[in-house]
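Q:
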Amino acid sequence: METGQLLLNRGLVDEHQLGQARAAGGDLVGQLIHLNHVDSTAAHQAIAEELHVDFIDLRNIDVDLSLLTSFPQKIIYRQILFPIRRDGDTLIVATSDPLDFYPLDEISSATGLAVEPVLAERSEIAKLIKTHLGVGGETIDGLIEQKMSDGIELLEELEIDGSELSEQAQEASVVRLVNEILLEAIETRTSDVHIESQQDGLVIRYRIDGILHTQPLPPEITHFRAAIISRLKIMAKLNIAEKRLPQDGRIKLKVKGREVDVRVSVIPMIHGESLVMRILDKSAMKFELKSLGMSDATYHKFRQLISLPHGIILVTGPTGSGKTTTLYSSLIEINKPDVKIITTEDPVEYQLAGINQIQVHPKIGLTFAHSLRSILRHDPDVVLVGEIRDLETAENAIQASLTGHLVFSTLHTNDAAGAFNRMGDMGVEPFLVSSTVEAIMAQRLVRRLCTHCREPLNLQKDETPEDFPWEKLTDQTIYKPVGCRHCRDVGYTGRLGIYELLVTTDELRELALNRASTWDIKKAAVSNGMLTLRDDGWDKVLSGQTSIDEVVRITKGDRLS
Numbered sequence: 011m012e013t014g015q016l017l018l019n020r021g022l023v024d025e026h027q028l029g030q031a032r033a034a035g036g037d038l039v040g041q042l043i044h045l046n047h048v049d050s051t052a053a054h055q056a057i058a059e060e061l062h063v064d065f066i067d068l069r070n071i072d073v074d075l076s077l078l079t080s081f082p083q084k085i086i087y088r089q090i091l092f093p094i095r096r097d098g099d100t101l102i103v104a105t106s107d108p109l110d111f112y113p114l115d116e117i118s119s120a121t122g123l124a125v126e127p128v129l130a131e132r133s134e135i136a137k138l139i140k141t142h143l144g145v146g147g148e149t150i151d152g153l154i155e156q157k158m159s160d161g162i163e164l165l166e167e168l169e170i171d172g173s174e175l176s177e178q179a180q181e182a183s184v185v186r187l188v189n190e191i192l193l194e195a196i197e198t199r200t201s202d203v204h205i206e207s208q209q210d211g212l213v214i215r216y217r218i219d220g221i222l223h224t225q226p227l228p229p230e231i232t233h234f235r236a237a238i239i240s241r242l243k244i245m246a247k248l249n250i251a252e253k254r255l256p257q258d259g260r261i262k263l264k265v266k267g268r269e270v271d272v273r274v275s276v277i278p279m280i281h282g283e284s285l286v287m288r289i290l291d292k293s294a295m296k297f298e299l300k301s302l303g304m305s306d307a308t309y310h311k312f313r314q315l316i317s318l319p320h321g322i323i324l325v326t327g328p329t330g331s332g333k334t335t336t337l338y339s340s341l342i343e344i345n346k347p348d349v350k351i352i353t354t355e356d357p358v359e360y361q362l363a364g365i366n367q368i369q370v371h372p373k374i375g376l377t378f379a380h381s382l383r384s385i386l387r388h389d390p391d392v393v394l395v396g397e398i399r400d401l402e403t404a405e406n407a408i409q410a411s412l413t414g415h416l417v418f419s420t421l422h423t424n425d426a427a428g429a430f431n432r433m434g435d436m437g438v439e440p441f442l443v444s445s446t447v448e449a450i451m452a453q454r455l456v457r458r459l460c461t462h463c464r465e466p467l468n469l470q471k472d473e474t475p476e477d478f479p480w481e482k483l484t485d486q487t488i489y490k491p492v493g494c495r496h497c498r499d500v501g502y503t504g505r506l507g508i509y510e511l512l513v514t515t516d517e518l519r520e521l522a523l524n525r526a527s528t529w530d531i532k533k534a535a536v537s538n539g540m541l542t543l544r545d546d547g548w549d550k551v552l553s554g555q556t557s558i559d560e561v562v563r564i565t566k567g568d569r570l571s
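When the letters of the sequence shown are read in order and numbered with our numbering, they come out as residues 11 to 571.
1) Tell me which residues share the same chain as LEU77 and place their Cβ nearer than 6 Å to its Cβ, disregarding the 5 neighbours each side in the sequence.
2) DSSP three-state call for TYR112: helix, strand or coil?
3) Using C-beta distances below 7 Å, list every residue in its chain close to ASN345, excluding the 5 sequence neighbours before and after it, in chain order.
4) Starting from GLN314, trace the alpha helix (DSSP H) both ways and give me its first and last residue.
5) Helix, strand or coil for ASN524? Go by DSSP, reduced to three states.
6) For LEU101 and THR121, which I take to be in contact (beta-carbon distance under 8 Å), what is that distance rounded to the nearest angstrom?
7) Can you give me the Cβ contacts of ALA429 inside the same chain, cut-off strictly under 6 Å, excluding the 5 residues immediately before and after it?
8) Mapping the DSSP letters down to three states, classify LYS550 as helix, strand or coil.
9) Along the beta strand (DSSP E) that carries PHE378, what are the first and last residues, could you check?
10) In angstroms with no decimal places, state the Cα-to-Cα distance between LEU401 and VAL274.
11) Considering only their Cβ atoms, is the gap separating PRO466 from THR484 smaller than 7 Å?
12) Which two residues bound the contiguous beta strand (DSSP E) that contains PRO278?
13) Check whether the region 232–250 and the region 278–293 touch, using three or more Cβ-Cβ pairs below 8 Å as the test.
14) On the DSSP letters alone, give me the boundaries of the beta strand (DSSP E) that GLY40 sits inside.
15) From the DSSP secondary-structure annotation, give me the bridge partner or partners of ASP202.
16) Around the C-beta of THR565, are 16 or more other C-beta atoms found within 10 angstroms, so that it is buried, or is it exposed?
17) Check ASN406 in the structure and name its three-state DSSP category.
18) Just checking my contact of ASP425 with ALA452 at CB under 8 Å: how many whole Å lie between their CB atoms?
19) Give the C-beta separation of ASP472 and ILE508 to the nearest angstrom, bearing in mind that I take them to be a contact with Cβ-Cβ under 8 Å.
20) Straight-line CA distance for THR149 to GLN208?
21) Taking its Cβ as the centre, do 16 or more other Cβ atoms sit within 10 Å of GLU155, making it buried, or is it exposed?
22) Let me know the alpha helix (DSSP H) ranges lying completely inside the region 412–455, each 4 residues or longer, listed in chain order.
23) In whole angstroms, give me the CA-to-CA distance for PHE111 and GLU560.
24) Can you say whether GLY504 is buried or exposed, counting buried as having 16 or more other CB atoms within 10 angstroms of its CB?
25) Ignore the nearest five residues each way along the sequence and tell me which others in GLU206's own chain have a CB closer than 6 Å to its CB.
26) The beta strand (DSSP E) spanning GLY504 covers which residue range?
27) Where are the alpha helix (DSSP H) runs, 4 residues long or more, that stay fully inside the region 66–130, in chain order?
28) Alpha helix (DSSP H) containing THR13: first to last residue?
29) In the DSSP assignment, what are the bridge partners of ASP258?
30) Can you tell me which of ASN406, ARG399, ILE280 puts its alpha carbon nearest to the alpha carbon of ARG387?
31) Rounding to the nearest angstrom, what Cα-Cα distance links SER301 and TYR489 in this structure?
32) Taking only runs that begin and end inside the region 318–405, name each unbroken beta strand (DSSP E) of 3 or more residues, in chain order.
33) Determine the direct distance from the alpha carbon of ARG268 to that of VAL188, and round the result to whole angstroms.
34) Rounded to whole angstroms, what is the Cα-Cα separation between THR446 and GLY434?
35) Output needed for PRO108: all residues of its chain with C-beta closer than 7 Å, excluding positions within five of it in sequence on either side, in chain order.
36) DSSP on GLY303, reduced to helix/strand/coil?
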């Protein structure tokens, strides 16, 4: 009996769900779990009971890694199996499909031992393989011949120059290895992939929820360093012969039916070229203002501000703080047939339906400032300028707001109050800044606690930061991260924003006009009811969404007295 029929007989799935999983192809139980038709643990326990085999949790057992030296690694990769331990002449092997007897017989023939299968989740076996054999290990071992679909499709034709380096980068082993690196990154919700040439070899790190994680690699992968980087440069339409200058490019992929854009940056370092890829998974992005993590009060106030007929609304924060997501969500919120919205961006990260978007090209003179002047001749109602970087762009944005347009843009400042002086430093007259800027939203991203494993924290007053709001703590529960299979043992899954919304009042306009310090402007805004980033972070802690450590890591204390 196949596993799908077994789950059907147990009443865990119905015919329709089983049909959907079969139509999707691949591992049947894995597809049922992926489609949320069955709970992973329940499914595997049912299969184990029916087949009279043990079901084990690979995260909680010790694996005898010495078995790998005599175990046929081709079978590990091809069948997703892993040796657990040896009991006398019996080898205990973890598998996700005990009904597939052929690979078990193959292992018995290769090792000369009896094989006893135990059931484990396929994802946990795969994680064990990557941890102990490394990303791309099967490519290093020469398993290129296997006809396994990697699910990656390039949406643009590659340009091959016929050089030796180009030919090496097109070898099946290198192509497969690069595809596996990209697939692993996309499946783990990685925002950036760092491929670094260092003295000791190649290092690959994934930035997941803002934190860099080093990936285990087989040492032999260092020999493929030049070929890996060349393959990615070819995919990004860069010059593979140029190794002295930085280059930027873009790769367009379709991964398992989802369109993914990858922005590529290559910089020569002392030990060779290093490459960073920013992954933009279009299907994973959800531009909805309400779901970004704003408090109800902040959301309703910001929603009023983005509906103003004219003025400038700035979003500030460092790179990777979610500014683009906030701006795109704002535009979608106000996008209607009777509103014309034009953006000028560098680069255009996501294409938005019903919104006119311009990609700037500084090399040919199409800068933010130049494109903004042209935009105003296209009769827009709302304009988004990707970033105010210089005096010319700032002056054009101000001119647009003074002529009856609502202008959105970003600035790199530490907090909302610093935006006034930042524009003053560019050379903009204070009276222009104070009269046109309607609001400034500063933001950061904190990691969201995994709801499957978070645990209550027994909080002691002397263990908390001095500014922790004990006065707000009544019957709320403060949680700490733990780590489980759902969050890859990190304790966090996904991120949410913390926000500092400064609305420009008459008092703040007066301070900005008189070139008051950022500190004085911030104190005045707080006295008028503004929550600082730290305050909003503490509110997220009190509501059980994030941890004290996350807020301390992302923000600094605001001492306003």
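For every residue, glycine included, the Cβ atom is placed at its ideal position computed from N, Cα and C.
A: In short:
1) Counting from one through the sequence shown, the residue named residue 77 turns up at place 67. Correct list, in chain order: PRO93.
2) Taking the sequence shown and counting its residues from 1, the one referred to as residue 112 is at position 102. Three-state result, TYR112: helix.
3) For this step, residue 345 is matched to residue 335 along the sequence shown. Closer than 7 Å at Cβ, skipping near neighbours: ILE351, GLY364, ILE365.
4) Here residue 314 refers to the residue found at position 304 of the sequence shown. Per DSSP, the unbroken alpha helix (DSSP H) holding GLN314 starts and ends at 306–315.
5) In the sequence shown, counting from the first residue as 1, residue 524 sits at position 514. Residue state, collapsed to three classes: coil.
6) For the purposes of this step, residue 101 is taken as the residue at position 91 of the sequence shown. For the purposes of this step, residue 121 is taken as the residue at position 111 of the sequence shown. With a Cβ gap of about 6 Å, LEU101 and THR121 count as contacting.
7) Counted from its first residue, the sequence shown places residue 429 at position 419. Correct list, in chain order: LEU324, THR326, LEU421, THR423, ILE450.
8) As a working mapping, residue 550 is identified with position 540 in the sequence shown. Helix at LYS550.
9) Here residue 378 corresponds to residue number 368 of the sequence shown, with the count starting at 1. Residue range 378–385 is occupied by the alpha helix (DSSP H) that includes PHE378, with no beta strand (DSSP E) assigned at that position.
10) Numbered from 1 along the sequence shown, position 391 holds the residue referred to as residue 401. Numbered from 1 along the sequence shown, position 264 holds the residue referred to as residue 274. When rounded, the distance between both Cα atoms is 29 Å.
11) For the purposes of this step, residue 484 is taken as residue 474 along the sequence shown, with counting starting at 1. For the purposes of this step, residue 466 is taken as residue 456 along the sequence shown, with counting starting at 1. Result no, Cβ atoms of THR484 and PRO466 do not sit closer than 7 Å.
12) Numbered from 1 along the sequence shown, position 268 holds the residue referred to as residue 278. Element bounds for PRO278: 268–279.
13) yes
14) Residue 40 sits at position 30 when you count from the first residue of the sequence shown. Not the beta strand (DSSP E): GLY40 falls in the alpha helix (DSSP H), residues 38–44.
15) Position 192 of the sequence shown holds residue 202. Here ASP202 is bridged, per DSSP, to ARG217, ARG288.
16) Within the sequence shown, the letter at position 555 stands for residue 565. Answer is buried; the Cβ neighbour count reaches 16.
17) In the sequence shown, counting from the first residue as 1, residue 406 sits at position 396. If DSSP states are grouped into helix, strand and coil, ASN406 belongs with the helices.
18) As a working note, residue 425 is residue 415 in the sequence shown. As a working note, residue 452 is residue 442 in the sequence shown. Indeed, because the Cβ distance is near 5 Å, the residues count as touching under 8 Å.
19) As a first step, residue 472 must be located in the sequence shown, where it is residue number 462. As a first step, residue 508 must be located in the sequence shown, where it is residue number 498. Not quite, the Cβ-Cβ distance comes to about 25 Å (not below 8 Å), so this is no contact.
20) Against the sequence shown, residue 149 aligns to sequence position 139. Against the sequence shown, residue 208 aligns to sequence position 198. Any reading at THR149 must be qualified, since the residue scores a pLDDT of 46, below 50, and its modelled position is unreliable; the value itself is stated next. If I take the Cα positions, the gap works out to 22 Å.
21) Taking the sequence shown and counting its residues from 1, one reaches residue 155 at position 145. Because the pLDDT at GLU155 is just 38, under 50, the model does not fix this residue reliably, and the point stays unresolved.
22) 428–436, 440–446
23) Counting from one through the sequence shown, the residue named residue 111 turns up at place 101. Counting from one through the sequence shown, the residue named residue 560 turns up at place 550. Between PHE111 and GLU560, the alpha-carbon positions lie close to 48 Å from each other.
24) In the sequence shown, the residue the question calls residue 504 occupies position 494. Exposed, since its Cβ has fewer than 16 Cβ neighbours within 10 Å.
25) To locate residue 206, count along the sequence shown from 1; it is residue 196. For GLU206, where only same-chain residues beyond five positions count, the Cβ hits under 6 Å are VAL213, SER284.
26) Translated into positions along the sequence shown, residue 504 becomes position 494. GLY504 -> beta strand (DSSP E) spans 502–513.
27) 83–89, 111–121
28) The sequence position of residue 13 within the sequence shown is 3, counting from 1. Run containing THR13: 13–19, per the alpha helix (DSSP H) assignment.
29) As a first step, residue 258 is located in the sequence shown; it is residue number 248 there, counting from the start. BP columns for ASP258 point to SER275.
30) Locating residue 387 in the sequence shown gives position 377, where the first residue counts as 1. Minimum Cα distance to ARG387 is reached at ASN406.
31) Reading the sequence shown from its first residue, position 291 is the one you call residue 301. Reading the sequence shown from its first residue, position 479 is the one you call residue 489. Spanning the two alpha carbons is a distance of roughly 21 Å.
32) 321–326, 351–355, 366–369, 392–395
33) Walking along the sequence shown from the start, residue 188 turns up at place 178. Walking along the sequence shown from the start, residue 268 turns up at place 258. Taking the straight line from one Cα to the other gives about 18 Å.
34) Position 436 of the sequence shown, counted from the first residue, corresponds to residue 446. Position 424 of the sequence shown, counted from the first residue, corresponds to residue 434. When rounded, the distance between both Cα atoms is 13 Å.
35) Counted from its first residue, the sequence shown places residue 108 at position 98. If we look at PRO108 and ignore the five residues flanking it on each side, its Cβ neighbours are LEU61, VAL63, PRO127, LEU129.
36) Walking along the sequence shown from the start, residue 303 turns up at place 293. GLY303: coil per DSSP, three-state reduction.
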